[in-house]
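Numbering (this note's numbering), first residue to last: 2 to 309.
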């Protein structure tokens, strides 16, 4: 047994326990499938406490993810400690399996709520975006220790019972070629051209695509991203001209100044040239400002209603 396996031994969960937790991977417990892993919910007994968990079961064989890469990934995930990053409960590597067991975010992923303006208000969406950006800033601040993260997308931004963003950070030790194969919409166009990833600025691009999804209220495609960037270049954030690409129900909730800051931030993040994109600190501060302005706007609206 390697020193890495010894270090991770307390996190190892028997395969039998996972079968019990998922009722033998019953179809009704499947949350998602495709790409490089299937995802299940389960009820796991851990240290005499029943826990709601999510099990990510990787395909076998999984391209670019050998056992040593998998164990390194677990080691990295375990040491990520941030309120906006999903905590892992353990892992299983019995019977050639590769499974990650993590805390269950009961409200699912941001991706599943994008197109429903009744589920998430504009201010909630802003709050979630701030949380996701804070998680990325934490990773970027510690990049020399953790490495870079290749898999930023709306399906990996999970939402807990309080609608707080919890980023599932997988992809530190998997080849970026493998990850990008499954996440092309979020892939830095500079990587597509040059074959090299800019790490931090590539993450910023992926986050920019997510901001665009939040703004439009739908999952982005390459065509939508390109169209948005082109339109923003043309209109220079002029008021009223963004309405064609924004979900109408969301637009009714938005403070104009908040929208302006948010849309400009998204636009800068998806710039084709990495050097033109902001760093993650600038993104965090801009999103915080957009949220603060939106909350002030909503408070003023409530006060007007009370006065009337």
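Note that the Cβ used here is the ideal one computed from N, Cα and C, for glycine as well.
These numbers were taken from a predicted model, which means no experiment stands behind them.
Please go through the same chain and pick out, in chain order, the residues whose beta-carbon is closer than 8 Å to the beta-carbon of residue 55, but skip the five residues on each side of it.
Here the set comprises 32, 40, 41, 42, 43, 102, 103, 104, 105 and 106.
Under the DSSP definition of a beta bridge, which residues are partnered with residue 93?
100, per the DSSP bridge assignment.
Can you tell me the Cβ-Cβ gap for residue 108 and residue 191, rounded? I've got them flagged as a contact below 8 Å.
Wrong, their Cβ atoms sit about 34 Å apart, outside the cutoff.
Expressed to the nearest angstrom, what Euclidean distance is found between the alpha-carbon atoms of residue 213 and residue 272?
Using only the alpha carbons, I get a separation of about 12 Å.
Within the continuous alpha helix (DSSP H) that includes residue 18, where are the two ends?
Start and end: 16 to 23.
How long is the line joining the alpha carbons of residue 211 and residue 278, rounded to whole angstroms?
Looking at the two C-alpha atoms, the distance is approximately 15 Å.
Just to confirm, are residue 111 and residue 133 a CB contact at a threshold of 9 Å?
Closer than 9 Å, so yes.
Which of helix, strand or coil does DSSP assign to residue 185?
Residue state, collapsed to three classes: helix.
Return the CA-CA distance between residue 77 and residue 138, expressed in angstroms with no decimal places.
About 16 Å.
How close, in whole Å, do the beta carbons of residue 158 and residue 140 come, if the pair is a contact with beta carbons under 8 Å?
Actually they do not touch by this definition, with Cβ atoms about 14 Å apart.
Kindly indicate which residue of 28, 38, 302 and 45 has the alpha-carbon position closest to the one of residue 15.
Nearest option by C-alpha distance: 45.
Is residue 51 helix, strand or coil when you go by DSSP?
The answer is strand: DSSP assigns residue 51 an E or B state.
Which residue wins for smallest C-alpha separation from residue 98, given the options 142, 262, 90 and 17?
The option with the nearest alpha carbon to residue 98 is 17.
Would you mind sorting residue 34 into buried or exposed? The rule is 16 or more other CB atoms within 10 Å of its CB.
The residue in question, residue 34, is exposed, as its Cβ has fewer than 16 Cβ neighbours within 10 Å.
If I follow the unbroken beta strand (DSSP E) through residue 1, where does it start and stop?
Within the shown structure, residues of the chain are numbered from 2 to 309, placing residue 1 beyond reach of any answer.
Here's a check: name, in chain order, each residue in its chain whose Cβ is nearer than 6 Å to the Cβ of residue 259, leaving out the five neighbours to either side.
Within the same chain, residue 259 has close Cβ partners 291, 294 and 295.
Out of 89, 80 and 166, which one is the CA nearest neighbour of residue 127?
Of the listed residues, the one whose Cα sits closest to residue 127 is 166.
Check this for me: beta carbons of residue 27 and residue 59, under 9 Å apart or not?
Not closer than 9 Å, so no.
Go ahead and label residue 285 buried or exposed: buried means 16 or more other beta carbons lie within 10 angstroms of its beta carbon, across all protein chains shown.
The residue is buried, with at least 16 neighbouring Cβ atoms inside 10 Å.
When the Cα atoms are used, what is the spatial distance from residue 218 to residue 4?
Approximately 47 Å, taken between the alpha carbons.
Using DSSP bridges, identify the partner residues of residue 43.
Residue 43 pairs with 54.
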